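Scroll down for the structure; my scribbles are underneath it.
In our numbering, the protein residues as written are 2 to 330.
Here you go:
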């Protein structure tokens with residue numbers, strides 16, 4: 002029996018299959034390249050649409066980003082534009098003018114108007130908040146605890162309004178913080194020491210090796226209380242609303258002190274339960290027992306078991322009927 006020649010049909014089928022696969026891959030590549038370009042162009046249009054929202058000029062020039070620039074395909078990715086200078090202090094979800102424009106029905110008695118109210122997507126800004134004119138590189142910690150550049154926070158009315166309480170003083174191109182406050186007649190450091198003595202804290206509770214490591218300072222002002230705790234390796238989260246002293250949190254952040262713009266109103270604080278070992282409120286006029294004690298319950302939630310609540314009030318408040326009622330309750 003003679004050996005026959007091998008059939009060439011399987012080899013032909015293999016070659017054909019490979020050619021078909023190559024053709025399919027080529028078509029997919031061309032298709033993806035074409036549609037990818039369309040997607041980038043569409044994204045660029047969306048960004049430009051967003052930049053025109055609320056007064057930002059539609060024809061604003063956008064500087065091209067070096068990343069993703071492809072001259073061969075004519076694709077240039079655009080960067081986010083900078084807002085107009087008049088928005089240098091805009092806080093998007095705390096825009097008081099927008100709140101009034103939208104006519105939200107807010108309960109002023111429970112400070113709901115000081116809480117965050119974000120606008121609808123079509124009324125949101127899509128631009129970068131610019132620094133104030135003359136902005137300088139911030140002074141580094143720990144020196145920043147005691148002084149900041151005035152140009153970075155161009156507000157000095159608080160220094161005039163609280164001049165007798167030593168919150169802050171204007172010194173040429175800088176704003177100084179002598180450590181005082183409405184209730185810190187002899188400085189925040191001495192107040193902290195006296196507070197520990199009055200509450201019969203263990204000797205080292207507010208020092209290195211002590212029990213307290215995290216503090217919530219409610220109604221913080223310019224956050225001198227939290228600033229002086231940092232030297233004892235204690236982190237204080239300072240909390241204050243955007244109220245008549247609207248720039249006090251700006252001072253805290255510029256000084257390098259952790260701070261949050263918020264209020265004890267109708268919403269929970271943005272902290273997990275048992276986050277703090279000490280809650281502090283000086284010159285306190287908060288009615289903690291309002292609405293069946295809901296604020297006190299919230300404070301209890303964020304305090305760890307065995308935590309401390311330091312509530313202080315000046316003698317002058319004992320003459321005010323409302324403050325006296327709060328204190329007695």
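Each residue gets a CB set at the ideal place from its N, CA and C atoms; glycine is no exception.
This structure is a prediction, so every number in the text was calculated from the model and none was measured.
- Got a sec, what are the start and stop residues for the beta strand (DSSP E) residue 149 sits in? 148-150
- Rounded C-alpha distance that separates residue 146 from residue 89: 24 Å
- Query: Can you name, in chain order, every residue of its own chain whose Cβ lies under 6 Å from the Cβ of residue 218, other than the five neighbours on each side?
  - Reply: Here the set comprises 226, 227, 237, 239 and 281.
- Item | Separation of residue 303 from residue 272, as counted between CA atoms | 7 Å
- Item | Contact under 9 Å by Cβ, residue 223 with residue 252 | The answer is yes: Cβ separation under 9 Å.
- Is residue 146 near the ligand NAP, going by C-beta to nearest heavy atom under 8 Å? Among the ligands in the structure shown, none appear at all, so the ligand NAP cannot be discussed.
- Message: Once DSSP output is grouped into helix, strand and coil, what is the label at residue 83?
- Response: strand
- Give a yes or no on contact between the stretch 171-180 and the stretch 139-154, applying the rule of three or more CB pairs nearer than 8 Å. A contact is defined here as three or more CB-CB pairs under 8 Å, and the stretch 171-180 meets this definition with respect to the stretch 139-154.
- Count the other C-beta atoms from every protein chain shown that fall within 10 angstroms of the C-beta of residue 174, then say buried if there are 16 or more, exposed otherwise. exposed
- Message: So, does the stretch 260-280 touch the stretch 116-134, judging by three or more C-beta pairs under 8 Å?
- Response: yes
- Query: For residue 129, is the classification buried or exposed, using 16 other Cβ atoms within 10 angstroms of its Cβ as the cut-off for buried?
  - Reply: Classification for residue 129: exposed.
- Query: What residues match up with residue 312 in a beta bridge as DSSP calls it?
  - Reply: 282
- Beta-carbon contacts of residue 105 that lie in its chain and below 7 Å, excluding the five residues immediately before and after: 118
- Message: For residue 284, tell me which candidate among 15, 139, 220 and 278 has the shortest Cα-Cα distance.
- Response: 220
- Query: DSSP puts residue 223 in a beta bridge; with which residues?
  - Reply: Paired residue(s): none; residue 223 is not in a bridge.
- Message: I'd like to know whether the C-beta atoms of residue 327 and residue 288 end up nearer to each other than 9 Å.
- Response: It is a contact, given that the beta carbons lie within the stated cut-off.
- Kindly indicate which residue of 274, 286 and 319 has the alpha-carbon position closest to the one of residue 298. 274
- Task: Classify residue 243 as buried or exposed, calling it buried when 16 or more other Cβ atoms lie within 10 Å of its own Cβ.
- Result: buried
- Query: Leaving out five residues before and five after residue 112 in sequence, what residues of the same chain have Cβ atoms less than 6 Å from its Cβ?
  - Reply: For residue 112, where only same-chain residues beyond five positions count, the Cβ hits under 6 Å are 264 and 266.
- Look at residue 231 and residue 258 and say whether their C-beta atoms are less than 9 Å apart. Between residue 231 and residue 258, the C-beta spacing is below 9 Å.
- Message: My output table needs one value for residue 195: the three-state DSSP class, helix, strand or coil.
- Response: Note: residue 195 maps to helix in three-state DSSP.
- Message: Between residue 139 and residue 155, how many whole angstroms is the CB-CB distance? I'm expecting something under 8 Å.
- Response: In this structure residue 139 does not touch residue 155 by the C-beta definition: roughly 14 Å separates them, more than the 8 Å allowed.
- Query: Of the choices 27, 126, 121 and 234, whose alpha-carbon is the least far from that of residue 92?
  - Reply: 126
- Message: Which residue wins for smallest C-alpha separation from residue 124, given the options 102, 136 and 131?
- Response: 102
- Where do the ends of the beta strand (DSSP E) carrying residue 75 lie? Counting along the chain, residue 75 falls outside any beta strand (DSSP E), and DSSP gives it neither H nor E.
- Task: Alpha carbon to alpha carbon, how far is residue 171 from residue 151? Give it in angstroms, no decimals.
- Result: 8 Å
- Neighbourhood of residue 312 by C-beta, 7 Å cutoff - its chain only, sequence neighbours within 5 removed: 282 and 285
- So which of 131, 85 and 262 has the shortest CA-CA distance to residue 95? 262
- Separation of residue 79 from residue 192, as counted between CA atoms: 52 Å
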